[in-house]
Structure formats: C-alpha cells, structure tokens
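In what follows, a structure is listed as structure tokens, so that the remarks can point back to it.
Protein chains in written order, with the numbering used here: chain A, 7 to 323; chain B, 40 to 383.
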C-alpha cells in the first residue's frame, strides 16, 4: 500500500449553531466532530462505524465539502486529482425523479464539461453496463427501477466523473440481504477494475468486516479506535469497540453474551464532557479516566486507541 | 375501586399448562389487494401458529408479506381494500376475520398488543408520555388515573429507565429512539396481553440499544408468560431472540421450525441462499453469493413454487406448488420438492 496518504484530516472540529435568542444569535452549539485525525491511503477501503449521532455522516459531508470544518483542515496529496463522489443511503431520494436515467447518471459530467447529448447517452450506456443495468433502459425514470437497481444507478452516477475516491454513506442499509450481496459484489469488482479508494460509512459491522482494509470506530464525534480491520475486530482495545462488537447480532450467539451497559444513554453533544467521552458508560473506568483521552498507538504502528487503559484491557481480554 | 395493578398476577404457572393452546392460529390464509391493474396476491396460503408463552419469528425480505400477515391477524388493514380468498385467523379462540369491529377494539391492546418499527410515529407528538400511557391503561383496565400513572411509572422502571417520573413528563420528541421504543414496549405489556406482535421493533435503533431493548422485552415476556410474534428481516437477530421461526418468500411460508435448526441446517434453497448472501459467511474481500434475479411480481398468477425462477435446483416438479413437509419429528418443515422424497 502507498505510504503517503491521499487525504489527511487534521484535527477536524465541526460545530453547528442551534437555537436563537431575541436577535437571532445562536444560544448553543452541537459538537458534531471533536478533533478527527485520519488519513486515507490510495486504493484502500476505510470503514467508518459508530452509532447514530456519532458524526459519521458529518464526516462524509466534510470529505465531500458539503460542510466546512469549524477548525482543522483537510489536505489532499499534492499529485491527487481531488476527484471525489458520493453514494447515499437511500436511492429513492438521492435520484432526481424527473430526469430520465441517462440524465441522472451523466449529471456530474454535464455540470462540468460541455458535451453533446448523444455523447452523454453513450457514456450513460457504458456505465450502466458496468454496473449491471441494460443499455436500453436508459430512457426510463428512476421510479421504474427496484431499490437495488436504483442503487446501481447511483453508483453509475458516482462513476461518471471518473473519481479517485468514492464516499459510500450506508450504501446497502435500505436494501434486502440478497440485493445487499449484489451491490457489495459490484463495489468490490469496480474497485478491482478501476483502482478506486472507498470510504465506507456503515453501522453494519459485518459489511465493514467483509469490505474494509482499515476501520475507524467513532464515538461522540471522535475516533476512539482505528486500525487494520483484522486487528480491531479480533482484539478490540477500546471499551466502546468491545461493547459495539458484543452487541452485533450473530447467528446463534446468546443475546446476553458479552459486555453490556445498563440503559445508560449516549451523552448529549451540546456540552462536551471534560473527561473521557465514554466515561459514563464505561465498565472499566478508574480514577485516571477523568481526563480527556488522546489517540495513542497500540500493538502495531497503525493501531490507535483513545483509552489510557487500552493495553491493560487488551491483556485482560 | 380495587384493581389488581400492583400485583400483576403471576400467570407463569397457568401458562405453562396451557402452552399447547395457540394464542394465534393462522390457517391457509390467502389475501389479495384489488387494484385497477388486477389483484395483487399478497398472501398465498400462509399457516402459522403461536403457542402461549412462545417467541416466534417471521423472517423474509421486503414484499414477502410478513407485515401484511401480522396486520391481517389484528385486522388493521383498511376495510374494503382487501379480499380474503381463503383460510382463517384465530386469536385466543376467536375468529378475527369474522369478529365485529367493537370486539376487535377490545382485543387489540388488551389481549394482543402491537409494537411498530418507528416509535416516533406510534406516539402522539402533541401529548406528554404520561397522558398517552394513562389513556391506554385506562382504556383496558378499570382503575383511576392515579393508579394508572403509578402503574406506568412501574412499567417504565421495569424497562430499566432510570427516572420514570421525569420521562413521563416529557413529549416524545424530547426522548431518544431507544427511550421511545422502551415506552412502547412498556405500554404493550401494560394490559398484560397474551400475545405481542412486534413488527421490526428495533430496526430504527442502534445495535447497543437494540440488544438492551430485546433483553428487556424477552425477560418481561418470560416473566408474564406472554407470547411474542417477532417480525424481522435480520436473520442473526431472529436466531438470538426466537424459539421458532417462519421463513417467508413472496407471500408463502417456505420453511419453518426451531430457530437454530432452520438457520444452522437450512433445507429450502431460499433459506440457504439468504444465509449464503450474508457477509458473515464469506471471507473478507471474496465475492458474496448473491441470489440471481428478483422477487416475483405478485400481480401475476404464480403457478408452482414461487422461488423456482431463482432456484439453482429447479426441476420439472417445481411447476406445481410443494406443501410444507416435516423432518425431525415434524418440527422442521420445508416447502420444497427436493425434500419431498427424502421425508420419512
């Protein structure tokens, strides 16, 4: 794998102002991302997991430039073409219902380059074939396709501007299991053929395990653990990663097995704790946990965990 | 008025005895929705049984009629928009397809409770939680508002909500998804029902919350001897939660039996394909075994096995529809010609 990263996120903070006082000044702030440091190497699949509200989608929006960071910076490698595309979760709402499919697919090209209709049509046909649709379906409208086919259209659209990086924001969570398998296979094949880099955002650990080289676990707007998928899933070192993995349903695993927290809610991100963010729910806390934790290298040079007891806990596990 | 809310009677013993009596029995149910392009045959001969105190799962992909089956059992589909073409539905010994609407109102909520997928739409956004809970409790139990509120507090406490009084005083939008779903589960148990139908109750929740909610739900159901019909698309979740499972495809049951039996030794090609399509089964980076083709169009008549066009074991026999055939002492049953001959 290439050692120089394609994209580097440096201490990204995102805060959204909410509420308004009598002259419209925001009264509070939602802390969506609280210091995300991350690199994406060329050609890898980086998985991002976490629960709702942990900042996964804000991270996607930062990468695509839909949201600009309140603090910190995103840096691309100097030789990179900076071409990035997105595939969203729900193909029902991410495709324009009033455009024929060939228009939908070629929109990213149409907006940037001057090209004739027949040329765009040909391009749409080629891309459609690559994602497993038929060339002669290109004059239909999105509603005439099934959910899986619509997600194929969304992937074809992402491919049309020939990107280097594709951000996949929950690409299969609206799909049935059998269709999910088709889409994941398609993504694997396209990556092999085109040398794409994926950032795969999902709450489904088994999808992440299957697809990704590296995995970043997010909690309350921070990365709490990042490393090679095998390492993180086999030896989860942050208590939250362990909780998350123990909670994932598995065929035949008893419901009660593993770590559990009793009914404690995710802390609000309106005001950030001045301690470890996971402190309240953590079953392993001790007196040193009342400080803000930093991401520190673990067993290997690529495995980082935001927990001062990580090594100790890894020994316990 | 004396009402026995402070000691929900321990029915456990009683239910153990009549656990063979079905709380829900669906027999060869067929149902279609008439449309101007012809009827959509949503359910094609489904038979399903939930015994007292049993946790039964229905799994299937979208369009397999798992929700419609449950809605029909509770008669929640809009009157006049559907035709029952065959079969019967019996809830606690009463025929719900023939029952009067007034009787159904009594059955729903008291004898059979339902938990839906999206807790925000199931709660009234303009009323505080307390008022909604008290209303439901008093609809089915003879007790005063104060007593009902005390019961509500206790039920929320049972759901491991740390500060029930505080939660009761809130509006639904002020609460997290997990908290809302716990309120609905508490509400479902509030009238001590014999059966709870849970339609994808945790799909909108995170995995950590999902596990908590299901643990609470199962513990409470075991305590009271309540039966649960659990509808889900998540095979792994069903394997952890249910005693028995029905696998549905295109409006028919294709396989049924004890959960671990069905999911560890699937017989029907569809169940096998579905399990094979899960990323868990494959090596990372390998291609997954997807199921070719797509689900049949239910507005066209299906003759024979509905999975035949996508099945890799298809033969001339599949032109006629196979019946469910049993193995392992009739517990594990499959609707496939492959096992017709092998059956004892």
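Beta carbons: idealized from backbone N, C-alpha and C, even for Gly. This one's a predicted model, so the numbers in the text were calculated from it and none came from an experiment.
Ranked by Cα distance from residue 356 (chain B), the first of B:365, B:343 and B:348 is B:343. Residue 78 (chain B) and residue 72 (chain B) have their C-alpha atoms spaced approximately 5 Å apart. With contacts defined by Cβ atoms closer than 9 Å, residue 123 (chain B) and residue 63 (chain B) do not form a contacting pair. Following the DSSP letters along the chain, one finds residue 71 (chain B) inside the beta strand (DSSP E) bounded by residues 61-72. Spatial neighbours of residue 225 (chain A) in its own chain (CB-CB distance under 7 Å, excluding positions within 5 residues in sequence) are listed in chain order as 56, 60, 246, 283 and 284. Nearest to residue 273 (chain A) by C-alpha distance, out of A:26, A:38 and A:28, is A:38.
Counting only runs of 3 or more residues that sit fully inside the region 37-124 of chain A, the beta strand (DSSP E) segments are 51-55, 77-82 and 90-93, in chain order.
Under the rule that a run must span 3 or more residues, the beta strand (DSSP E) segments found entirely inside the region 103-166 of chain B read 122-130 and 151-154.
Within the DSSP bridge table, the entry for residue 304 (chain B) names no partner. Non-local C-beta neighbours of residue 164 (chain A) in its own chain, meaning closer than 7 Å and more than five positions away in sequence, comprise 91, 92, 93 and 172, ordered along the chain. Taking a beta-carbon distance threshold of 9 Å, residue 209 (chain A) counts as an interface residue toward chain B.
As for any alpha helix (DSSP H) of minimum length 4 sitting wholly inside the region 177-223 of chain B, the runs are 184-197 and 203-207, ordered along the chain. Secondary structure of residue 29 (chain A) (DSSP, three-state): coil.
DSSP places residue 297 (chain B) in the uninterrupted beta strand (DSSP E) bounded by 291-297. Here the alpha carbon of residue 211 (chain A) sits roughly 13 Å from the alpha carbon of residue 275 (chain B). Taking a C-beta distance under 9 Å as the contact criterion, residue 261 (chain B) and residue 96 (chain B) do not qualify as a contact pair.
Taking all protein chains shown into account, residue 171 (chain B) has 16 or more neighbouring C-beta atoms within 10 Å of its C-beta and is therefore buried.
Taking a Cβ-Cβ threshold of 8 Å, the residues of chain A close to residue 299 (chain B) are 258, in chain order. Two segments are said to touch when three or more pairs of C-beta atoms, one from each, lie closer than 8 Å; by this definition the region 290-309 of chain A does not touch the region 95-107 of chain A. Classified as exposed, residue 370 (chain B) has fewer than 16 neighbouring CB atoms from the shown chains inside 10 Å of its CB. Looking at the DSSP output, residue 228 (chain A) sits in a beta bridge with A:225.
Shortest Cα-Cα distance from residue 111 (chain A) to any of A:83, A:74 and A:156 involves A:156. At least one CB of chain B lies nearer than 9 Å to the CB of residue 235 (chain A).
Contact between residue 180 (chain A) and residue 327 (chain B) is absent: CB atoms are separated by about 18 Å, not below the 8 Å threshold. In terms of beta-carbon proximity, residue 182 (chain A) lines the interface with chain B, with at least one pair separated by less than 9 Å. Looking at A:103, A:264 and A:249, the one whose alpha-carbon comes closest to that of residue 160 (chain A) is A:103. Counting along the chain, no beta strand (DSSP E) covers residue 148 (chain A), and no H or E run does either. In its chain, beyond the 5 residues on either side, 188, 191, 207 and 208 have a beta carbon closer than 7 Å to the beta carbon of residue 169 (chain B).
In this chain, the alpha helix (DSSP H) harbouring residue 191 (chain A) covers 183-200. Counting only residues of its own chain and dropping the five nearest sequence neighbours on each side, residue 281 (chain B) has a CB closer than 7 Å to the CB of 94, 95, 96, 269 and 298. In this structure the region 100-117 of chain B lies against the region 142-160 of chain B, because at least three pairs of beta carbons, one per stretch, are closer than 8 Å. Per DSSP, the unbroken beta strand (DSSP E) holding residue 22 (chain A) starts and ends at 13-24. CA-to-CA, the gap between residue 178 (chain B) and residue 74 (chain B) works out to about 37 Å. The secondary-structure analysis by DSSP pairs residue 271 (chain B) across a beta bridge with B:98. Burial state of residue 163 (chain B) is exposed, judged by a 10 Å Cβ sphere holding fewer than 16 other Cβ atoms. Of the residues B:289, B:138 and B:314, the one whose Cα lies closest to the Cα of residue 256 (chain A) is B:314.
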